[in-house]
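The structure appears right after this line, and notes come after that.
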Amino acid sequence: MMRNCRRCKNVEPFSIHANCPSPCIRNNSPTSAGSPSFATRLSNTLIMFAFYLDVKVLNWEGSIENLYIKIEKMRRLNRILYKRRHLLLKWDQQCKML
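With the sequence shown counted from 1, adding 883 to any position gets you this note's numbering.
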């Protein structure tokens with residue numbers, strides 16, 4: 884059941900209401916008189932921290948993926964250089980045999 888904030892009548896859960904005369908965080912407890920309880924503040928903090936961690940993990944995953952792409956490009960380049968070196972050695976040996 885969605886309840887409005889007692890001060891600014893907003894319905895958004897777990898957000899600081901922009902149009903509230905004094906910033907408040909919506910409290911779900913039926914006995915609240917407008918100020919959030921410790922449990923609500925802790926819950927809101929944990930939700931914001933979880934969102935922060937989620938964003939960080941997504942950034943790390945993107946960094947790991949970019950690192951994998953760079954390693955793959957380096958592996959391909961190394962393979963090309965290996966083939967060239969092998970051909971040069973082979974040609975050098977053939978020239979020496981002539």
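For glycine and all other residues, C-beta sits at the position ideal for the given N, C-alpha and C. No experiment lies behind these values; they were computed from the predicted model shown.
- Are there 16 or more other CB atoms within 10 angstroms of the CB of M980, so buried, or fewer, so exposed? Exposed, since its Cβ has fewer than 16 Cβ neighbours within 10 Å.
- Task: Hey, could you find the ends of the alpha helix (DSSP H) L971 is sitting in?
- Result: Note, L971: alpha helix (DSSP H), 921 to 980.
- Query: What number of angstroms, rounded off, separates the C-alpha of T923 from the C-alpha of F932?
  - Reply: Looking at the two C-alpha atoms, the distance is approximately 14 Å.
- Backbone CA spacing between I963 and L972 [nearest angstrom]: CA-to-CA, the gap between I963 and L972 works out to about 14 Å.
- Taking just the CA atoms, how far does K966 sit from L960? Straight-line Cα distance between these residues: approximately 10 Å.
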